[in-house]
Each structure stands twice: as C-alpha cells, then as structure tokens.
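Novice:
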Amino acid sequence: MWNDDQYYAPQQWLKDSDIGTEIAEDTKDTQKRYTRTNELAIRAYWRTLLMDCAAYPVTRLTSDEIVAGDAAFRSILLYRSNEHNEDYSKANEASTDEHQDLDDSLVTKNLLRRWDQLSESMRCMWTRNYKCWSFAVTENGLYTMIQHAMTGDLIASVQGAKVPLVLRPKGEFQGKKTYELVGAAYVHGFMDGEAFKATAGIGLTEKEILLQ
74 MWNDDQYYAP
84 QQWLKDSDIG
94 TEIAEDTKDT
104 QKRYTRTNEL
114 AIRAYWRTLL
124 MDCAAYPVTR
134 LTSDEIVAGD
144 AAFRSILLYR
154 SNEHNEDYSK
164 ANEASTDEHQ
174 DLDDSLVTKN
184 LLRRWDQLSE
194 SMRCMWTRNY
204 KCWSFAVTEN
214 GLYTMIQHAM
224 TGDLIASVQG
234 AKVPLVLRPK
244 GEFQGKKTYE
254 LVGAAYVHGF
264 MDGEAFKATA
274 GIGLTEKEIL
284 LQ
C-alpha cells in the first residue's frame, strides 16, 4: 500500500539532510560525489534508500537496475521543484467542487508515473525500507539507513557482525567505554567489510569496546 508520504519521502529526506537538493539538478560534470565510493552523490543517495537491493527475494541491485534507478530517482527528486506547482495550477483551473481531491489526485498520479520507471522489485524494496528505516548522514559524510538512532549514537563495524551496528554510549566500566546495542544499520560503501580494510581519510578509528 502506497501513501503520499512514501512518494515524497526521498525529496523530503534529501532536503532535511546536508547533502543538498542540487545533486539532482547539476550537470554530470559538476555533480557532487560520495567520497566513500566516488560515485555521483545522487546515485549513492538513492542506492542507500534501497540499501542497494531489490525485493523479494532480497538481492543486490544489478547493473541494469542501477542505470534504471539513476533515471527514475533523478526524475522523482526533481519532480517537486520542477512540476509540483504546475500540477497544482492545472488542478486549480478545474471546478472548485472537491477541489482538494482534484489537487491531490493529479499530483500523486504524476509523481507515481516517475516511480513506475523503477522495477516492481525496486519499488517493493523501497516500501519495505520506508516502513521501518530512516535516512541519515554521519558526521563524516557517510550515507546510512537507521532505526531508532539518536544524536550521539555511533555506527560501528564489529568483528563477527554481518552488518554495521548502531551503538549508544552508556558510560564506563573498568576504564573502558561501554555501549548499548541499538540495532543494525545500512552504511553505503561499508556493507562488505570495507571498514576493516581502510580507515585513513574517512574519519574512522579502531578500538576495543564493551557492550552492555
């Protein structure tokens, strides 16, 4: 089941982040890049929203799906600024009866056409993620999808864990900082053990921790 918030969430999350909505508008030569993977920021952003997967079954995005996603999400992210007001103006020219319904119907229909550029499995993955996850950018610029996290929490790659973990500082024990496990996280560019291979230049540190 789709709802308007789900349609608009990628635009709103991008606006609320420090990435900048211009990543969807600039030419390819001048676009901002995601430092970790050196791909265009807009691609890193939407791949983070989908956790780089399609569903069901949950599988990694193929090269064809990534190309299709580039075009679809650029259209989705540009929709609000380029066409949202125009669509409402067209609806306003119609009869004033059931005015709000006309507005909402036209805008949702036109935006949905852009979502339909994605494969069903990609739309399904987005629906899955939107229900339980939120987008966030770490202090060192990594794109993430998180659950129940708060300001001050840490994201760590832990030996033996299959995915990065969100940890919350709890104090100290015998001179060592202790943390509470909040849950798992998706961190774009760090889902295959990359954090253990390179830490220089991306603000990562290696340390021993205690989990309560």
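Using the working numbering, the letters of the sequence shown map in sequence onto residues 74 to 285. Using N, Cα and C, we set each Cβ at its ideal position, and we do this for glycine too.
1) Rounded to the nearest angstrom, what separates Y259 and A145 at their Cα positions?
2) Please classify E193: does DSSP put it in a helix, a strand, or coil?
3) On the DSSP letters alone, give me the boundaries of the alpha helix (DSSP H) that A114 sits inside.
4) Taking C-beta to C-beta, are Y203 and A82 nearer than 7 Å?
5) Specify whether the stretch 197-211 and the stretch 119-129 touch according to this definition: at least 3 beta carbon pairs, one from each stretch, less than 8 Å apart.
6) Note down the Cα distance separating Y161 from E279, rounded to an integer number of angstroms.
7) If I measure Cβ to Cβ from D143 and keep anything under 7 Å in the same chain, skipping five residues before and after, which residues do I get?
8) Measure the alpha-carbon distance for A229 versus L87 and round it to whole angstroms.
9) Report buried or exposed for V239, applying the criterion of at least 16 other Cβ atoms within 10 angstroms of its Cβ.
10) In three-state terms, what does DSSP make of R186?
11) Just to confirm, is the Cβ distance from I219 to A209 under 7 Å?
12) Assign G225 to buried or exposed, taking buried as 16 or more other Cβ atoms, counted over all protein chains shown, within 10 Å of its Cβ.
13) G262 and R147 - do their beta-carbons sit closer together than 7 Å?
14) Considering only C-alpha positions, which residue in the set K182, V255, K243 and P242 is nearest to V236?
15) With respect to the beta strand (DSSP E) encompassing V210, which residues constitute its N-terminal and C-terminal limits?
16) Kindly list the residues whose CB is nearer than 8 Å to the CB of A257, restricted to its own chain and excluding five residues on each side of it in sequence; keep chain order.
17) Output the distance between the C-alpha atoms of I96 and T181, rounded to the nearest integer angstrom.
Specialist: Once the coordinates are examined:
1) Residue 259 sits at position 186 when you count from the first residue of the sequence shown. Residue 145 sits at position 72 when you count from the first residue of the sequence shown. Computed Cα separation, rounded: 22 Å.
2) Counted from its first residue, the sequence shown places residue 193 at position 120. In the structure shown, E193 sits in a helix (DSSP, three-state: H, G or I).
3) Translated into the one-based positions of the sequence shown, residue 114 becomes position 41. Its alpha helix (DSSP H) spans residues A114 to L122.
4) Translated into the one-based positions of the sequence shown, residue 203 becomes position 130. Translated into the one-based positions of the sequence shown, residue 82 becomes position 9. The answer is yes: Cβ separation under 7 Å.
5) yes
6) Your numbering for residue 161 matches position 88 in the sequence shown. Your numbering for residue 279 matches position 206 in the sequence shown. Bear in mind that the predicted position of Y161 carries a pLDDT of just 47, short of 50, making it too unreliable to give a figure here.
7) Within the sequence shown, numbered from 1, the residue matching residue 143 stands at position 70. Answer for D143: R116, listed in chain order.
8) Translated into the one-based positions of the sequence shown, residue 229 becomes position 156. Translated into the one-based positions of the sequence shown, residue 87 becomes position 14. Between A229 and L87, the C-alpha separation is close to 24 Å.
9) Against the sequence shown, residue 239 aligns to sequence position 166. Classification of V239: buried, given that the 10 Å Cβ count is 16 or more.
10) The residue labelled residue 186 in the question sits at position 113 within the sequence shown. Helix.
11) One-based indexing of the sequence shown puts residue 219 at position 146. One-based indexing of the sequence shown puts residue 209 at position 136. The answer is yes: Cβ separation under 7 Å.
12) The residue given as residue 225 occupies position 152 in the sequence shown. Exposed is the call here.
13) The residue labelled residue 147 in the question sits at position 74 within the sequence shown. The residue labelled residue 262 in the question sits at position 189 within the sequence shown. No; because the gap between Cβ atoms is not below 7 Å, this pair is not in contact.
14) One-based indexing of the sequence shown puts residue 236 at position 163. Nearest C-alpha to V236: V255.
15) By 1-based counting over the sequence shown, the position of residue 210 is 137. It spans S207 to V210 - the beta strand (DSSP E) in which V210 sits, taken as one unbroken run.
16) The residue labelled residue 257 in the question sits at position 184 within the sequence shown. These residues qualify, in order along the chain: Q220, V236, P237, L238 and V239.
17) Within the sequence shown, numbered from 1, the residue matching residue 96 stands at position 23. Within the sequence shown, numbered from 1, the residue matching residue 181 stands at position 108. Approximately 23 Å between the Cα atoms of the pair.
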